[in-house]
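Working notes, beginning with the structure itself.
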Amino acid sequence: MTSVFIISAPSGSGKSTLVNRLMAELGRLTFSVSYTTRKPRGQEVEGEAYHFIERDEFEARIGRNEFLEWAEVFGNYYGTHQSALQIAENKGLDLVLDIDVQGAAQLRERIPAAVSIFILAPSREKLEQRLRARSQDSDEVIRRRLADAAREIQNYSLYDYVLVNEDLEEAAETLKSIVRAERVRRVRVEERIRPILATFDRRALGE
Ligand code: ADP
Ligand code: 5GP
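Counting in my numbering, the sequence shown runs from 176 upward without gaps.
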């Protein structure tokens, strides 16, 4: 049974850092590589962070109902392909999605058991420091990201978990703990415990 983990956060909160650690340090997970119409940034490679496509191709794929969810974020389309879930299910892996609040809402409708996690920087000041330290964005972009963050964080209450990324080590451990704990929910272990119970049944029968 595949568990779906939705992770959202305002830009600069540490989502990529934490998701990369989660993927590297915990097994049986697969990351959904989204489709987007935004242009590659810096060192981004096709097929790793994203599949980069043109607007008309994205719209054709919407028309063919290829996306599990899609949204327009900062003027670009982003979407999760249906195959992401199918592949995870076929391989028996849990699926990690890095998507925005609109996409998270669509996925909750389609997959009510999906687990959602919202990541927050500890304060506006720390968020600004991190955006500057990453030194990827101009002053204007940083100002816009801070204004967007103020709006986006209002949505934290729609999520199952809210992770404040103060100390990186602690936040990374907590994120792993969430995934580990979700994996031992009764509905997920039912199949695994049946053979265990069967061994007790045989004892009861005197075998
Ligand atoms: P996002 O993916 O949410 O936009 P990043 O993962 O790129 O954010 O993190 C933004 C910057 O903050 C990066 O330079 C990253 O190394 C740094 N960072 C992430 N988490 C922490 C933390 N807990 N303490 C200090 N710096 C952090
Ligand atoms: P960026 O362009 O900075 O990589 O991502 C911008 C925003 O788009 C982030 O909030 C990210 O979570 C979101 N995003 C990335 N992929 C998807 C997707 O497939 N669907 C949706 N709805 N949002 C996405």
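C-beta atoms are modelled at their ideal positions from N, C-alpha and C, and glycine is treated no differently. Because the structure is a prediction, the values reported are computed rather than measured.
Hey, could you find the ends of the alpha helix (DSSP H) residue i is sitting in?
| i | result |
| --- | --- |
| Gly238 | 230-238 |
| Asn330 | Note, Asn330: premise wrong, no alpha helix (DSSP H); not H, not E. |
| Asn265 | 257-266 |
Over the uninterrupted beta strand (DSSP E) stretch that includes residue i, give me the two end residues.
| i | result |
| --- | --- |
| Asp272 | Per the sequence presented here, residue 272 reads as Leu, with Asp not at that position. Its beta strand (DSSP E) spans residues 269-273. |
| Val354 | Not the beta strand (DSSP E): Val354 falls in the alpha helix (DSSP H), residues 343-358. |
| Ala289 | Counting along the chain, Ala289 falls outside any beta strand (DSSP E), and DSSP gives it neither H nor E. |
| Ser209 | 209-211 |
| Val179 | 179-183 |
Quick check: what's the CA-CA separation for residue i versus residue j?
| i | j | result |
| --- | --- | --- |
| Val248 | Glu345 | 30 Å |
| Glu409 | His256 | Outside the shown range of the chain, which is 176 to 382, sits residue 409, and nothing can be said about it. |
| Ile274 | Met198 | 16 Å |
| Gln261 | Arg319 | 36 Å |
| Leu343 | Leu193 | 8 Å |
| Ser207 | Ala246 | 15 Å |
| Pro185 | Pro287 | 23 Å |
Just to confirm, is the Cβ distance from residue i to residue j under 8 Å?
| i | j | result |
| --- | --- | --- |
| Leu338 | Arg285 | no |
| Leu302 | Ala296 | yes |
| Ile294 | Lys214 | no |
| Ile371 | Val271 | no |
| Leu306 | Asp312 | yes |
| Glu348 | Val290 | no |
| Ser178 | Asp269 | yes |
| Thr205 | Phe227 | no |
| Phe180 | Val354 | yes |
Counting only beta-carbon separations shorter than 8 Å, does residue i have a partner in chain C?
| i | result |
| --- | --- |
| Asn251 | No chain C appears in the structure shown, which is made up of a single protein chain. |
Legend entry - Cβ contact (3+ pairs, closer than 8 Å) linking the segment 219-226 and the segment 350-366: In short, these stretches do not touch, since the Cβ pair count stays below three.
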